[in-house]
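J.: This is the structure, below, for whatever I ask next.
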Amino acid sequence: MLWNPYNIKIEAAKYAVNISMPHTFQVRLLIPGEPSRNIGYMNPYQQGFNSTNPPPRPSFSIQSTAFEPGEALLFTADAGNSPYGNRFWGDPYSALSNNLDNFQLSCSQPAPFQGNFYLKPPTTVLIPDAKINDVAYQVYAQGDGNNYIGYKLFFYQLFLHKGSNNRASDVTTDMGSFAPLQTISQTEDGSSGSDAPWYVSIPPSSSDPLRRIDQYPVTAHYRFKWGHRVQWLNDTIENQSVRAGPYNTPYLGYNTIANHNMRAPWHMRSPVEVCFRASAAGGRYTHGITLDDPYGWDWRDTTLYPVPVSGKNRVSPFGRPADYNGQTFPMLDIPTEESPLVSLGSLQHAPLSVFPWHPTYVFGNGMADPRVERNVTTNYFSSSEWQYIGIHSQRDWKRVRQVNVNPSLADDAYLYDISYETNHALWDRYFLSTLPGTSGYSPGDPLANPRLVLASDVGSPELSELRDFHRAARHFTIKGGFNINSTSETAWAALLASFRSNPAMEITLNDGTKLRANDIYSRLRNPYDIKYTNADEKDESMWKGYRQLTDIQINELAREVVREVKRRGPFVSIADFVNRRLVDPPERSNSETPITRTGLNGTLQAAIDRTSINNKHLGDFKIDKTEYSMGTWERQVQYGTSYPELSFPVKNGGSGFGPKPDHNHWADSKLVGAPSYLSQADILQKVGPVISARGDTFVIRSYGEALGNGGKVLARAYCEAIVQRTQDAIAPDDAGLDPDPDITTNPLAALGRKFKIVSFRWLNPDEI
1238 MLWNPYNIKI EAAKYAVNIS MPHTFQVRLL IPGEPSRNIG YMNPYQQGFN STNPPPRPSF
1298 SIQSTAFEPG EALLFTADAG NSPYGNRFWG DPYSALSNNL DNFQLSCSQP APFQGNFYLK
1358 PPTTVLIPDA KINDVAYQVY AQGDGNNYIG YKLFFYQLFL HKGSNNRASD VTTDMGSFAP
1418 LQTISQTEDG SSGSDAPWYV SIPPSSSDPL RRIDQYPVTA HYRFKWGHRV QWLNDTIENQ
1478 SVRAGPYNTP YLGYNTIANH NMRAPWHMRS PVEVCFRASA AGGRYTHGIT LDDPYGWDWR
1538 DTTLYPVPVS GKNRVSPFGR PADYNGQTFP MLDIPTEESP LVSLGSLQHA PLSVFPWHPT
1598 YVFGNGMADP RVERNVTTNY FSSSEWQYIG IHSQRDWKRV RQVNVNPSLA DDAYLYDISY
1658 ETNHALWDRY FLSTLPGTSG YSPGDPLANP RLVLASDVGS PELSELRDFH RAARHFTIKG
1718 GFNINSTSET AWAALLASFR SNPAMEITLN DGTKLRANDI YSRLRNPYDI KYTNADEKDE
1778 SMWKGYRQLT DIQINELARE VVREVKRRGP FVSIADFVNR RLVDPPERSN SETPITRTGL
1838 NGTLQAAIDR TSINNKHLGD FKIDKTEYSM GTWERQVQYG TSYPELSFPV KNGGSGFGPK
1898 PDHNHWADSK LVGAPSYLSQ ADILQKVGPV ISARGDTFVI RSYGEALGNG GKVLARAYCE
1958 AIVQRTQDAI APDDAGLDPD PDITTNPLAA LGRKFKIVSF RWLNPDEI
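Written as structure tokens, this is what we have:
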């Protein structure tokens, strides 16, 4: 399954898909009245290429495909005109198997899928016609003591084709020259362990009768599927069940948006996930976004059939295709010249991390990182801990972690609260001028951000000055800037409601039509003409709908924002306002206080979540955060009931794994982060260009009186001046931009910037 999460159409180039399946399978026939027969060991490596060191198999090609905005497509085996849809993979190094174009994956095959690529077993068994319908078979993969598996990685790689002669095979024959677009690894530490629950054998009772592939199309048996997929919102019953013995681990929901980077170029567990998972045999559902799924794609179940739309098979990244009726899921924004960035808050769509354990929306959001303690921003692991971690410490985890892309790993911090750090780095140091990048603009023309205007006392600057990275800011002022330290509910309500319908404010929708602003908050700057009104996760408005706040919701939100300002303020910067507080966690379970909770979210998000705005999202698909015991099996992590207990206690001794995840840092629901979930960053996309942590305009009132003999007051006078801090320094530095840093030789520089009198008036006594 490939998904275009962006709000634009993607004309994808040709891809090569490589699946590392190092497992050797033993196939046995069970013929009534006869001993079971081993027909040999089969390995996907039998797909050969002309190379002295062929890469892992199998490999396939995907032809150039157009993905509509938000479209997710399912690609399955396309055997072309092969008889009955069954194509022989070919002997190693044959011309047929050397060309990936002969083994295409297509998104247009009709369901139920009957296209196959097959291998021949090394042994041929002749079965009498009278018995063929009663023959069953078993497949042994590993775990039976016969070492039918090599110690290699199980991962999936997607390559952009850029070889010669338009052959996707070039990627596979010279993999070292092609960096993968995406790598997904499901090996926690390089061990031979597998997550698939059928790793020992498939019972004969679950298999179909044998069929001749040269006479009938073959339908894949779901119990023989080997692979992984993204965890669904509402997963299959089999995947949520709890098995006895060492597998007695509760199903743990996981948020794939707020607690995972969906577009990371490689997906793999960190040491925290490895420890949280605890072993190769237990804790199958504690390790993140992907899970092994032998049941979820049973092609006999029509609810799992993809939905054909315009000749392509659509699916959903979040559940059964039939539940979502072929809809699309555009979640990430791409700026265009027609729809430029106006607020730094729009950078929530920027791909700021390659690591899978970071959130999909990084910037502007202030959620605590589950893999980092609450009072810090970094969870430090040395390179030795990255290299040797998990129960199979003899494996080179460092190499596995990078999947051979970057085997070098220094003593650096890779687990850190990236939202906190990027907010701290960007909010108070940059602004967006919204100056057009094309010709035809003259200083003074309206900008995309109408609240940004040229300063009245700097004359008419040259266009080159306005485009200068270092000098542009001195030429602009904000019309109607808002101080985030305000404790006025009325003022906050006015700010939140300032995007109401008026002749000067319009929103351009995705289809190019116009809509009055009217309190519209949308993850996408060009929203779809769909309004979210508490629909469930299967409704299109959950994934495309904009939010429209009512008067009640605006007042409710303003009240909660003021509560947070009083609790956390005064804020010394915008980043201080956007970020969570670095505070100690509570001393024990279920003992959060108003202060400890400030470490969970930024100011606006904490206020939003105490209102009714996101009730539907927070109430459905809740994520269990309780501590639990993973069983008594050796090497299982034993979680206790005390909190914060930030170490990893294990049955056979202490742990050097560092801090364990803070379960209160996980998102409250799987729907947190969905496009219709109003987030802190969504509001900052609106208000970001006008907020400030301090005021530059001040009202000064003065009083004077004239006294006569004996101290008698002869006259009184009252006046009021409005003064404004300007961009000009009293004693500028050599560049003329900032105050001279050397106040010893230039003491006037300590006075900062010049003030100007904007207005002056005399006051009457009744105005005081």
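Here our numbering is used: the first residue of the sequence shown is 1238, the next is one more, and so on.
Ideal placement from N, C-alpha and C gives every residue a C-beta, glycine not left out.
(1) For F1706, is the classification buried or exposed, using 16 other Cβ atoms within 10 angstroms of its Cβ as the cut-off for buried?
(2) Around the C-beta of I1386, are 16 or more other C-beta atoms found within 10 angstroms, so that it is buried, or is it exposed?
(3) So, D1315 versus S1296, is the Cβ gap smaller than 8 angstroms?
(4) On a Cα-Cα basis, can you pick out the residue from H1465, F1566, A1930 that is closest to T1724?
(5) Going by beta carbon distance, what residues of the same chain come within less than 7 angstroms of E1658, once the five residues before and after it are set aside?
(6) Measuring CA to CA, which of E1777, I1757, I1832 is closest to D1788?
(7) I need the straight-line Cα distance from W1503 to P1984, nearest angstrom please.
(8) Kindly indicate the opening and closing residues of the beta strand (DSSP E) around W1729.
(9) How should K1368 be labelled, buried or exposed, when 16 other C-beta atoms within 10 angstroms of its C-beta is the threshold for buried?
(10) State the Cα-Cα distance for the pair N1612 and Q1964, rounded to the nearest angstrom.
(11) For V1544, which residues from the same chain have a beta carbon less than 6 angstroms from its beta carbon, with the 5 sequence-adjacent residues on both sides left out?
(12) Roughly how many whole angstroms lie between the Cα atoms of N1816 and F1808?
(13) Which one of Q1351, Q1468, L1395 has the shortest CA to CA distance from Q1452?
(14) Keeping to the same chain, check which residues put their C-beta closer than 8 angstroms to that of S1553; ignore five residues upstream and five downstream.
(15) Between which two residues does the alpha helix (DSSP H) holding K1781 run?
(16) With a CB to CB cut of under 8 angstroms and the five nearest residues on each side skipped, what residues in its chain are close to L2012?
(17) Classify A1501 as buried or exposed, calling it buried when 16 or more other Cβ atoms lie within 10 Å of its own Cβ.
(18) Measure the CB-CB distance between I1967 and R1990 and report whether it falls below 8 angstroms.
(19) Below 8 angstroms, can you find three or more Cβ-Cβ pairs linking the segment 1359-1375 to the segment 1265-1277?
(20) Just confirm the distance between the C-beta atoms of V1798 and L1841, as a whole number of angstroms; I'd bet it's less than 8 angstroms.
(21) Are N1251 and S1298 close, meaning C-beta to C-beta below 8 angstroms?
(22) Contact between the segment 1659-1668 and the segment 1597-1610: three or more CB pairs below 8 angstroms?
(23) Is L1732 closer than 8 angstroms to E1743 when the C-beta atoms are compared?
(24) Between the Cα of I1920 and those of D1472, I1474, G1582, spot the shortest distance and give me the residue it belongs to.
(25) Need the endpoints of the beta strand (DSSP E) that A1854 sits in, please.
(26) Mapping the DSSP letters down to three states, classify S1916 as helix, strand or coil.
(27) Helix, strand or coil for N1485 per DSSP?
(28) As an exercise, report each continuous alpha helix (DSSP H) stretch of at least 4 residues that is fully enclosed by the segment 1752-1833, in chain order.
(29) Do the CB positions of K1781 and P1912 come within less than 8 angstroms of each other?
(30) Per DSSP, H1504 is paired with what?
(31) Assign S1580 to buried or exposed, taking buried as 16 or more other Cβ atoms, counted over all protein chains shown, within 10 Å of its Cβ.
(32) With P1558 as the anchor, note down where its alpha helix (DSSP H) starts and where it stops.
(33) From P1969 to P1698, what does the alpha carbon distance come to, in whole angstroms?
(34) What does the alpha-carbon distance come out to for the pair P1831 and D1570?
(35) Taking the alpha-carbon of E1801 as reference, which of P1593, W1729, W1903, Y1617 has the nearest alpha-carbon?
(36) Between which residues of its own chain and E1702 is the CB-CB distance below 6 angstroms, once the five residues before and five after are set aside?
T.: On the basis of the coordinates in this document:
(1) exposed
(2) With a pLDDT of only 39 at I1386, under 50, the local geometry of the prediction cannot be trusted, and no value is derived from it.
(3) Not a contact, by the Cβ cut-off of 8 angstroms.
(4) A1930
(5) T1614
(6) I1757
(7) 55 angstroms
(8) That residue, W1729, is in no beta strand (DSSP E); its alpha helix (DSSP H) goes 1726-1733.
(9) exposed
(10) 37 angstroms
(11) Non-local C-beta neighbours of V1544 in its own chain, meaning closer than 6 angstroms and more than five positions away in sequence, comprise R1551, P1558, G1563, ordered along the chain.
(12) Taking the straight line from one Cα to the other gives about 10 angstroms.
(13) Q1351
(14) A1309, D1560, Y1561, Q1564, F1566
(15) 1777-1781
(16) Since the first residue shown for the chain is 1238 and the last is 2005, residue 2012 is missing from the structure and cannot be characterised.
(17) buried
(18) yes
(19) These segments touch.
(20) 7 angstroms
(21) Checking the sequence shown, residue 1251 turns out to be Lys, not Asn. Going by C-beta atoms, K1251 is nearer than 8 angstroms to S1298.
(22) yes
(23) Contact: no.
(24) G1582
(25) Per the sequence shown, residue 1854 should be read as His rather than Ala. That residue, H1854, is in no beta strand (DSSP E); its alpha helix (DSSP H) goes 1852-1856.
(26) S1916 falls in the coil class under three-state DSSP.
(27) Here the model assigns N1485 a pLDDT of 48, short of 50, so the residue's position is not dependable, and the following value carries that caveat. Coil at N1485, not helix or strand.
(28) 1777-1781, 1788-1805, 1811-1815
(29) yes
(30) I1421
(31) buried
(32) 1558-1561
(33) 19 angstroms
(34) 35 angstroms
(35) The shortest C-alpha separation from E1801 is found at W1729.
(36) R1708
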